[in-house]
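The numbers in the numbering used here rise by one with no breaks, and the one at position 61 of the sequence shown is 74.
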Amino acid sequence: MIGFFDSGFGGLTIMKSVVNFLPEYNYLYLGDNARVPYGTRSPSLVYKFTRQAVGFLFNQGCPLIVVACNTASANALRRIQQEYLPVAFPDRRVLGVIRPSAEAVFEKGFKSVGILATEGVVRSGAYLTEIHKLDPAVLIAQQSCPLLVPIVESGEQDWRSTDVVISSYIEKLFEKMAEIEAILLACTHYPILMKKICRHIPEEVSVIEQGPIVAEKMRDYLSRHKEIERKIGKQGKRIFFTTDDCARFDRLACLFYGEHVTSKLISLEGEYE
Ligand code: DGL
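Structure follows, in structure tokens:
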């Protein structure tokens with residue numbers, strides 16, 4: 014199984030793109046809905062939660078995990094790869110969403126990019142680091158949008174006031190940098206707001222979504238790492254876990270995943286310290 018992890022529902026948008034692109038593999042999703050949002054939490058707490066989630070997914074037998082959450086990727090991924098994996102699971106792999114997104118910005122040749130993300134991602138500077146490693150000349154403006162994840166997690170994406178919130182964040186982004194060629198939706202929850210976001214952005218500005226990027230990069234990764242690819246089951250199974258109410262997860266997951274899912278409840282507290 015390929016494990017996908019997010020603080021809540023957002024990672025389902027990423028997993029859906031990957032599943033559509035590579036349907037033969039078995040997939041397992043874990044949403045830490047009991048402790049969402051991660052975006053306003055300290056890096057040390059995000060690390061602790063992410064490590065627990067990764068521990069759970071490895072215990073379920075995943076040889077490969079995608080941390081499909083920008084906040085967790087920015088605040089925990091490197092430490093997990095460098096400190097946890099070599100000691101606890103040397104033959105497994107954990108990937109994130111920041112590096113592939115930075116590569117996509119670079120490959121598309123954008124020279125001025127706006128990043129919409131959580132506070133935790135903006136504060137980490139992870140996008141500045143990763144994009145500038147590839148091209149130090151790219152101009153980047155970042156805007157944190159702390160209200161968007163709670164709006165999406167509570168299923169209020171169609172609320173009239175959501176437009177006001179979005180337009181105010183986008184206004185702030187353009188105040189930081191007037192000339193923007195592309196805006197990266199650097200939070201897995203934001204694609205749900207795509208239509209509303211596009212309404213407040215000049216037509217000539219491209220909007221970049223992470224799902225299709227991660228799907229393509231995953232295909233490349235699997236073709237280059239046969240030793241991992243061989244270990245992934247190929248019966249087309251989909252399994253969903255949440256740390257909070259399953260009925261609520263199943264009801265709202267539909268919006269992100271586009272089809273009905275049946276989840277199982279698990280607890281991460283204390284289990285995978
Ligand atoms: N979906 C997560 C991300 O991509 C963050 C949501 C949260 O704040 O928990 O950053």
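Yeah, the Cβ is synthetic: ideal placement off N, Cα and C, and Gly gets one too.
Bear in mind that the values here come from a model prediction, so they are computed numbers and not experimental data.
inquiry  = With three or more C-beta pairs closer than 8 Å as the rule, is the stretch 90-98 touching the stretch 26-33?
reply    = No, the stretch 26-33 is not in contact with the stretch 90-98.
message = Could you check whether residue 141 and residue 245 sit closer than 8 Å to each other, using their CB atoms as the reference points?
response = Cβ distance not < 8 Å, so residue 245 and residue 141 don't count as in contact.
ask   = Comparing the CB of residue 202 with every heavy atom of the ligand DGL, is any distance shorter than 7 Å?
value = Yes, the Cβ of residue 202 comes within 7 Å of a heavy atom of the ligand DGL.
query = Any chance the stretch 159-178 sits against the stretch 41-61, with 3 or more Cβ pairs inside 8 Å?
reply = Here the stretch 159-178 makes contact with the stretch 41-61; the two share three or more CB pairs at distances below 8 Å.
query = Based on Cα-Cα distance, which residue from 56, 34, 70 lies nearest to residue 45?
reply = Per the C-alpha coordinates, the member of 56, 34, 70 positioned closest to residue 45 is 70.
query = Between the stretch 147-164 and the stretch 103-114, are three or more C-beta pairs nearer than 8 Å?
reply = Cβ pair count under 8 Å is below three, so no.
message = Tell me the rounded alpha-carbon separation between residue 223 and residue 175.
response = Approximately 21 Å, taken between the alpha carbons.
ask   = First and last residue of the beta strand (DSSP E) that includes residue 153?
value = Looking at the DSSP string, the run of the beta strand (DSSP E) that includes residue 153 is 152-157.
request  = State the start and end residues of the unbroken beta strand (DSSP E) segment that holds residue 219.
outcome  = Judged by DSSP secondary structure, residue 219 falls within the beta strand (DSSP E) whose first and last residues are 219-221.
message = Given the structure, does residue 82 come close to the ligand DGL, in the sense that its CB is under 7 Å from one of the ligand's heavy atoms?
response = The ligand DGL approaches residue 82 closely enough that one of its heavy atoms is under 7 Å from the residue's Cβ.
Beta-bridge pairing of residue 129 - partner residues as DSSP gives them = Per DSSP, 156, 198.
request  = For residue 83, count neighbouring C-beta atoms within 10 Å of its own C-beta (all shown protein chains included) and say buried if the count is 16 or more, exposed if not.
outcome  = When all chains shown are included, residue 83 counts as buried.
key: Buried/exposed call for residue 101, threshold 16 Cβ in 10 Å   = Per the 10 Å Cβ criterion, exposed.
request  = Could you name the residues that DSSP lists as bridge partners for residue 278?
outcome  = DSSP lists 255 as partners of residue 278.
ask   = Considering only residues of the same chain and omitting the five flanking positions on each side of residue 9, which have a CB-CB separation below 7 Å?
value = What is shown of the chain runs 14 to 286, which leaves residue 9 out entirely.
key: heavy atom of the ligand DGL below 7 Å from residue 12 C-beta   = Any answer about residue 12 is impossible in this case: the structure gives the chain only from 14 up to 286.
ask   = Smallest Cα separation from residue 130: which of 182, 170, 94?
value = Cα-wise, what sits closest to residue 130 is 182.
message = Pop quiz: residue 154 and residue 193 are said to be a contact at Cβ under 8 Å. What is the actual Cβ separation, rounded to whole angstroms?
response = Between residue 193 and residue 154 the Cβ distance is about 7 Å, and since that is below 8 Å, they are a contact.
task = Can you have a look at residue 278 and say buried or exposed, based on whether 16 or more other CB atoms are within 10 angstroms of its CB?
result = Looking at its Cβ environment, which holds fewer than 16 other Cβ atoms inside 10 Å, residue 278 is exposed.
query = Got a sec: does the ligand DGL put a non-hydrogen atom nearer than 7 Å to the Cβ of residue 19?
reply = The beta carbon of residue 19 sits closer than 7 Å to at least one heavy atom of the ligand DGL.
inquiry  = Quick check on DSSP: helix, strand or coil for residue 15?
reply    = Of the three classes helix, strand and coil, the one that applies to residue 15 here is strand, per DSSP.
inquiry  = Whole angstroms are fine: how far does the CA of residue 86 sit from the CA of residue 22?
reply    = Take the alpha-carbon of residue 22 and the one of residue 86: they are about 16 Å apart.
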